[in-house]
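Numbering (UniProt numbering), first residue to last: 1 to 161. For each residue, glycine too, the CB sits at the ideal point set by N, CA and C. See below for the structure under consideration.
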Amino acid sequence: MGPLWRKYQGKTFADIYQEDPQYCRWACDVALKGNSSDAMKIFAAYVQHRWLLALNNLLKHAQPNSLTGHSLATTGENDELMRSVIESYIRILGGNVSRRLSDATALVTLGPRIFDGRPVKESPKMKEAASSGLPVLSLEDLQDLAKAGAPTERATRQKFA
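So, in structure tokens, the structure goes:
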């Protein structure tokens, strides 16, 4: 076990995955570049497997192409799902992932806080969506949209409230 692992000595891969999503992303990036130990590559494979399981679980209940024509931006951090997994979900279902908000974009909040630990309500994107009257969807709303292929009642109400 090298210096990278001392921080996690005595922890399982599942513990690390649950407790430190940033480390998981970093480990995958390092392993993909090829500059890592075999142990790091094995951990990265575990993380990628978990991401694929999460994506598979999301896709089970979604209609094909159900997000076609939807442009979505994301904000917030989710404890269970990495942002890249959720953005892949949107793209697989035909949606467009936008880094910026516009009149044609809805905002999806992924979790209760942003990357620096502040509440998601303090996110610049959240503030912009509120001031522009853009729809704001929760992750649950996004899943409902993917199941039905139409805007959720809550998201529609939020846009025109």
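Exercise for the section: Using a threshold of 8 angstroms, state whether the C-beta atoms of GLY95 and THR68 are closer than that. Expected result: The residue given as residue 95 occupies position 95 in the sequence shown. The residue given as residue 68 occupies position 68 in the sequence shown. Going by C-beta atoms, GLY95 is nearer than 8 angstroms to THR68.
Practice task
Consult DSSP for PRO21 and reduce its assignment to one of helix, strand or coil.
Solution key: Within the sequence shown, numbered from 1, the residue matching residue 21 stands at position 21. Correct three-state label for PRO21: helix.
Problem - LYS11 versus ALA44 - alpha carbon distance - result: Counting from one through the sequence shown, the residue named residue 11 turns up at place 11. Counting from one through the sequence shown, the residue named residue 44 turns up at place 44. Their backbone Cα atoms lie some 15 angstroms apart in a straight line.
Handout entry: the segment 33-42 / the segment 115-131 touching (three or more Cβ pairs under 8 angstroms)
Key = With a cut-off of 8 angstroms on Cβ pairs, the segment 33-42 is not in contact with the segment 115-131, counting fewer than three such pairs.
Practice task
Pull up the distance between the alpha-carbon of ALA14 and that of GLN48, whole angstroms please.
Solution key: Within the sequence shown, numbered from 1, the residue matching residue 14 stands at position 14. Within the sequence shown, numbered from 1, the residue matching residue 48 stands at position 48. Roughly 12 angstroms between the two C-alpha positions.
Practice task
Please say whether LEU110 and ILE86 have beta carbons closer to each other than 8 angstroms?
Solution key: By 1-based counting over the sequence shown, the position of residue 86 is 86. By 1-based counting over the sequence shown, the position of residue 110 is 110. Remark: C-beta atoms of ILE86 and LEU110 approach each other more closely than 8 angstroms.
Exercise for the section: Look at the alpha carbon of VAL97 and the alpha carbon of CYS24, and state the distance between them as a whole number of angstroms. Expected result: Within the sequence shown, residue 97 is the residue found at index 97, counting from 1. Within the sequence shown, residue 24 is the residue found at index 24, counting from 1. Taking the straight line joining both Cα atoms gives about 22 angstroms.
Problem - the ligand FAD heavy atom lying under 7 angstroms from the CB of VAL47 - result: The model depicted lacks the ligand FAD and carries no ligand whatsoever.
Practice task
Find out if the Cβ-Cβ distance for the pair ALA129, SER66 is shorter than 8 angstroms.
Solution key: What you label residue 129 is simply residue 129 of the sequence shown in a count that begins at 1. What you label residue 66 is simply residue 66 of the sequence shown in a count that begins at 1. Not closer than 8 angstroms, so no.
Practice task
Excluding the 5 residues preceding and the 5 following PRO3 in the sequence, name in chain order all residues of the same chain whose CB lies nearer than 7 angstroms to its CB.
Solution key: On the sequence shown, position 3 is the one that residue 3 refers to. Model confidence at PRO3 stands at a pLDDT of 45, short of 50, so the residue's coordinates are unreliable; what they give is reported in the following sentence. Non-local beta-carbon contacts of PRO3 in its own chain, meaning distances under 7 angstroms to residues more than five positions away in sequence, are absent.
Exercise for the section: Going by CA-CA distance only, name the one from GLY133, LYS41, GLN63, TRP26 that's closest to ASP144. Expected result: Translated into positions along the sequence shown, residue 144 becomes position 144. Out of GLY133, LYS41, GLN63, TRP26, the CA that lies nearest to the CA of ASP144 is found in GLN63.
Handout entry: Between the CA atoms of TYR8 and SER131 - distance to the nearest angstrom
Key = Here residue 131 is taken as the residue at index 131 of the sequence shown, counted from 1. Here residue 8 is taken as the residue at index 8 of the sequence shown, counted from 1. Between the alpha carbons of SER131 and TYR8 lies a gap of roughly 43 angstroms.
Handout entry: Between the CA atoms of GLU80 and TYR89 - distance to the nearest angstrom
Key = Position 89 of the sequence shown, counting from 1, holds the residue named residue 89. Position 80 of the sequence shown, counting from 1, holds the residue named residue 80. Each residue's Cα considered, the two are about 14 angstroms apart.
Practice task
Could you pull the start and end residues of the alpha helix (DSSP H) that ALA106 belongs to?
Solution key: Here residue 106 refers to the residue found at position 106 of the sequence shown. Taken as a continuous stretch (DSSP letters only), ALA106 belongs to no alpha helix (DSSP H), being part of the beta strand (DSSP E) at 105-109.
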